Each structure stands twice: as structure tokens, then as C-alpha cells.
Amino acid sequence: EEQRKYLMGKAKQPAVTTDGKEILVSANISRPTDMEKAVEYGCHGVGLYRTEFLFMESAQLPDEEKQVAAYRSVAQQAGGNLCVIRTLDIGADKQIDYFNLPHEENPAMGYRAIRICLDRTEIFKTQLRAIYRASYYGTIAIMFPMIISVNEVKKIKEIIAEVKAGLDADGIPYKDVELGIMIETPAAVMISDLLAKEVDFFSIGTNDLTQYTLAIDRQNPKLDNIYDSHHEAVLRMLKMVVDNGHKEGCWVGICGELGADETLTETFLRMGFDELSVSPSMILRIRDKIRNTDLSVK
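In this text, residue positions in the sequence shown follow the working numbering: the first is 138, and each later residue adds one.
Below is the structure:
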């Protein structure tokens with residue numbers, strides 16, 4: 138109780154190291170209702186809004202108006218701070234009956250996330266249209282999951298151009314938004330210098346990046362003893378992404394579970410990360426860890 142009171146007393150203080158480096162601590166959320174605690178704990182906006190839960194909790198495809206209402210609610214609750222909305226990320230461990238996704242022997246590497254969106258473009262266009270409409274009411278960025286190539290990003294941009302043209306034709310207001318991608322495949326890491334030329338930001342999904350890098354199914358309990366998110370290969374990849382992103386003017390964050398690992402907070406600060414996005418329950422602890430870190434000490 139004493140620890141909770143101590144942390145809550147500092148909820149509104151910026152996350153700045155003792156030697157003056159500030160890093161944004163944002164919230165990972167699944168629903169608009171998650172924002173109440175996130176704001177109470179002092180989040181600096183939303184680093185990951187998992188929109189698939191809106192689809193998973195519906196008996197049918199949520200229409201444009203329902204999506205606009207959800208995205209607008211989150212953006213307004215963020216109070217002017219950046220709200221990063223991830224487009225639909227289903228497949229693998231997240232199944233939706235009405236999508237009628239085919240059975241796959243290896244769904245983690247199968248028909249999922251952006252692959253579905255670029256195949257079922259009407260669903261994708263409706264979501265993008267809803268996000269752009271909601272952007273008028275806050276500060277929104279859009280993030281695309283499971284990217285492996287520059288061509289995917291270019292296809293996404295073509296679809297966005299169509300969506301914006303449709304909004305213009307309908308006289309519907311919207312704001313220009315930042316576009317970013319999740320870095321969660323080794324392929325994206327290795328071409329992050331090229332991808333950085335196409336987008337405004339990167340956010341690293343460390344859960345999938347770790348499983349793909351180590352060739353370990355993160356849902357297989359028999360492999361828990363060798364699933365190592367601190368593996369040197371993973372850490373080297375994180376540093377590579379930060380460096381390549383910054384060279385092209387992209388800001389870089391972490392939205393995977395590793396972002397809440399207090400044993401690595403200082404490491405991430407030294408790597409140069411601009412943002413850590415964590416579950417609301419970890420916001421206070423990570424912010425306190427940052428405030429008690431001195432990067433001037435080698």
C-alpha cells in the first residue's frame with residue numbers, strides 16, 4: 138500500500154532520468170474502457186490500441202460508425218497525447234468465427250494480420266476510413282502489424298490514398314496522421330533501413346520478434362525453459378532497429394511485453410528508444426524506474 142501511494146504521488150511527473158533524458162511511457166490497451174486506469178497512472182498517450190478486440194467481441198463485422206465511436210473515444214481520452222491505433226491483427230492465436238479463416242498447420246506464420254487486410258481490402262478500407270474520421274477528434278497515428286517488405290507498405294499507402302480521396306469526396310474532415318509499422322519479424326529488422334524511408338515510426342513487437350528469431354513457439358510450454366527474450370540476438374536486433382530508424386528521422390518504441398521488463402529499462406534507454414508502451418498496470422513502475430536511472434554513469 139505504501140508503494141502504491143508513493144507511485145501514485147508521482148503519476149503526473151514526467152519520466153525523466155536523473156541526468157535529464159525523457160522517454161515517453163505509453164499504454165497498451167484493448168478497449169476504450171482501459172483508458173481510465175491508463176490516464177490515472179500517468180500514461181503519455183497510447184502506444185498500442187489493439188483494435189482486433191473490437192472485432193473479436195462482435196457477432197459480426199463492426200460497421201464504420203461503431204469503429205469511429207471506439208477510436209474517437211480513445212483519442213479523446215488521451216487528451217491530445219498521441220494515440221497509436223494498430224490495424225486489425227487477427228489470425229494465429231486470435232481467431233474470429235465470422236472471418237472463416239482456414240485451418241493452418243503453422244498459423245503463427247500464416248494468413249494473419251496485414252496479410253488478411255491486404256487480401257480483404259474492403260474490411261481494411263472500412264477500418265482505415267473509421268480511423269481517419271476519428272483523427273479529427275484527437276492526435277492519432279496508424280500502425281500496421283506483421284510487415285515483412287517495402288512493397289507491403291507501398292500497397293498500404295495506395296489504399297490510404299483511396300480512402301482519403303473518398304473522405305474528401307464526401308466532405309468528411311480528418312487530419313493527416315503519422316504512419317508506422319510494427320517490427321516483429323527478422324525480415325523487418327534486416328530491412329529496417331529501407332522501411333524507415335517509408336514511415337514515420339517503428340514500434341517493436343518483442344513477443345513475435347523473439348519467437349521468430351529463436352524459432353520457438355511462444356505458446357508451447359515445453360519450450361519455456363529456452364524461450365529467452367533477453368537473448369543477445371534479440372537485443373542486437375532492437376539496437377539495429379533504433380539506429381536505422383533514427384538515421385531516417387523515425388521515432389522508435391517498444392510495445393511488446395519486453396517493454397515492461399524493469400531489468401532492461403536502462404538498457405533500452407541506453408539503446409536510444411524514444412517510447413516504451415506497456416500495460417496500464419506497469420506504467421507507474423516503469424516511469425519510476427526511469428526517474429531513478431542515471432545514464433551519465435557508464
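All C-beta atoms in this analysis are idealised placements derived from N, C-alpha and C, irrespective of residue type, glycine included. All values derive from a computational prediction rather than experimental measurement.
*Could you tell me the distance, in whole angstroms, from the CA atom of E139 to the CA atom of A325?*
44 angstroms
*Rounded C-beta distance between D226 and A250? I'm assuming under 8 angstroms.*
5 angstroms
*Tell me, which residues are paired with E412 by DSSP?*
L161 and G390
*Counting Cβ pairs, one atom from each stretch, are 3 or more of them under 8 angstroms apart for the stretch 238-245 and the stretch 197-205?*
no
*Same chain only: Cβ atoms within 7 angstroms of G409, ignoring 5 sequence neighbours per side*: V379 and H383
*Taking one C-beta from the stretch 328-336 and one from the stretch 174-192 each time, how about it: are there three or more such pairs within less than 8 angstroms?*
no
*CB I279 to CB V314, shorter than 7 angstroms?*
yes
*Sub-7 angstroms separation of G184 and E412 beta-carbons*: yes
*Using DSSP with H/G/I as helix, E/B as strand and the rest coil, what is K334?*
coil
*asked:* Less than 7 angstroms between C-beta atoms, sequence neighbours within five positions excluded: which residues of the same chain meet that for R209?
replied: A271 and Y274
*Rounded to whole angstroms, how far is the Cβ of M374 from the Cβ of L395, which I believe are closer than 8 angstroms?*
No, M374 and L395 are not in contact; Cβ-Cβ is about 11 angstroms, not under 8 angstroms.
*Would you say the stretch 290-298 touches the stretch 361-372, given that touching needs at least three Cβ pairs under 8 angstroms?*
no
_Restricting to runs no shorter than 3 residues, where is the beta strand (DSSP E) found entirely within the stretch 317-376?_
338-341
*Whole angstroms is fine: what's the gap from F192's alpha carbon to A164's?*
20 angstroms
*Quick one: which unbroken beta strand (DSSP E) runs of 3-plus residues sit fully inside the stretch 153-234? Chain order, please.*
161-166, 183-187 and 219-223
*Could you tell me the boundaries of the alpha helix (DSSP H) in which I268 lies?*
T258 to S272
*Measuring alpha carbon to alpha carbon, tell me which of I268, S433 and P417 ends up nearest A148.*
P417
*I277 - containing beta strand (DSSP E), residue span*: T276 to F281
_Buried or exposed for M145, going by 16 or more other Cβ atoms inside 10 Å?_
exposed
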